[in-house]
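Using my numbering, read the sequence shown as starting at 92 and increasing by one per residue.
Read the structure below first, then the notes.
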Amino acid sequence: MKPLNVPILVLILVIGAGFGAQMLEALASRGHSLPIAGWLTTLVLLALVAVLLVNGLPLRRYMLESQERKEHPSFAPRRHQIDLPTAYRTVLLARACAYTGVVVGGIFAGQALFLLLTGTGDPLQGILPTAAAAIAGIVLGVLGVIVERWGQLPPEDGEKSAEGAGVGG
92 MKPLNVPILV LILVIGAGFG AQMLEALASR GHSLPIAGWL TTLVLLALVA
142 VLLVNGLPLR RYMLESQERK EHPSFAPRRH QIDLPTAYRT VLLARACAYT
192 GVVVGGIFAG QALFLLLTGT GDPLQGILPT AAAAIAGIVL GVLGVIVERW
242 GQLPPEDGEK SAEGAGVGG
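The structure is reproduced here in structure tokens:
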């Protein structure tokens, strides 16, 4: 599986911001009330950050211990264990959180910028919760990229297993 492409994620973030601002502009020009993100949205995104971090830390510990054992071999039992399906699900969760975070963060960032630039929203009840949701979404996206990188195998492991299996040759 190829790692996440960060420039593509940034592009998705920018497109999401443009979409969020355009959506509010279209609603405002037609005289509709503007949907504003509440504090619950920020709390839900931060809960996703916590879930991803709780699932990603065991993977990080296992990979660090594997790297340490590669440099300094030992017969001592491993301190950290993780099975392959759990590691794979954690990497998939990280990828999903990265995409979700940049889409949601981009939309809310565009909405917050629209509210700020036009002076439409109330700063405490409209702009601040929307900006907080945008920041929480971007944090989720960044953490998704970081946790996904934690689960990458070194390149030499993949090459050795492919040669041992007779693949590509």
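Yeah, the Cβ is synthetic: ideal placement off N, Cα and C, and Gly gets one too.
Helix, strand or coil at residue i [DSSP, three-state]
| i | result |
| --- | --- |
| P168 | coil |
| L144 | helix |
| L175 | helix |
| M114 | helix |
| A253 | Low confidence applies here, because A253 scores a pLDDT of 46, under 50, leaving its location unreliable; read the following figure in that light. Three-state result, A253: helix. |
| G192 | helix |
| G150 | The displayed chain sequence assigns Leu, not Gly, to residue 150. Helix. |
| S124 | coil |
| K161 | helix |
| P98 | helix |
| G129 | coil |
| I106 | helix |
Through-space distance from residue j to residue i, alpha-carbon basis
| i | j | result |
| --- | --- | --- |
| Q113 | V105 | 12 Å |
| L118 | L148 | 42 Å |
| R121 | L206 | 16 Å |
| L144 | R170 | 19 Å |
| L102 | L183 | 21 Å |
| G260 | A178 | With a pLDDT of only 36 at G260, under 50, the local geometry of the prediction cannot be trusted, and the value read off the model is given with reservation. Each residue's alpha carbon lies about 29 Å from the other. |
| T133 | A167 | 44 Å |
| L244 | V97 | 18 Å |
| G217 | M92 | 40 Å |
| E156 | L100 | 30 Å |
| P176 | L215 | 45 Å |
| T189 | L115 | The sequence shown places Ala at residue 189, not Thr. Cα-Cα distance, rounded: 24 Å. |
| S252 | S165 | Residue confidence is low: S252 scores 48 on pLDDT, short of 50, so the model does not pin down where it sits. Its coordinate-derived value is still stated next. Rounded to the nearest angstrom, the two C-alpha atoms are 22 Å apart. |
| L150 | Q158 | 12 Å |
| R160 | D213 | 56 Å |
| E254 | G196 | Here the model assigns E254 a pLDDT of 45, short of 50, so the residue's position is not dependable, and the following value carries that caveat. Straight-line Cα distance between these residues: approximately 42 Å. |
Distance CB(residue i)-CB(residue j) smaller than 8 Å
| i | j | result |
| --- | --- | --- |
| I198 | F110 | yes |
| T181 | N146 | yes |
| G107 | P220 | no |
| R186 | L125 | no |
Legend entry - alpha helix (DSSP H) segments (min. 4 residues) lying fully within the region 196-244: 219-241
Legend entry - Stretch pair the region 130-140 + the region 226-240: three plus CB contacts closer than 8 Å: yes
Inset, instruction - Give a yes or no on contact between the region 203-217 and the region 235-242, applying the rule of three or more CB pairs nearer than 8 Å. - result: no
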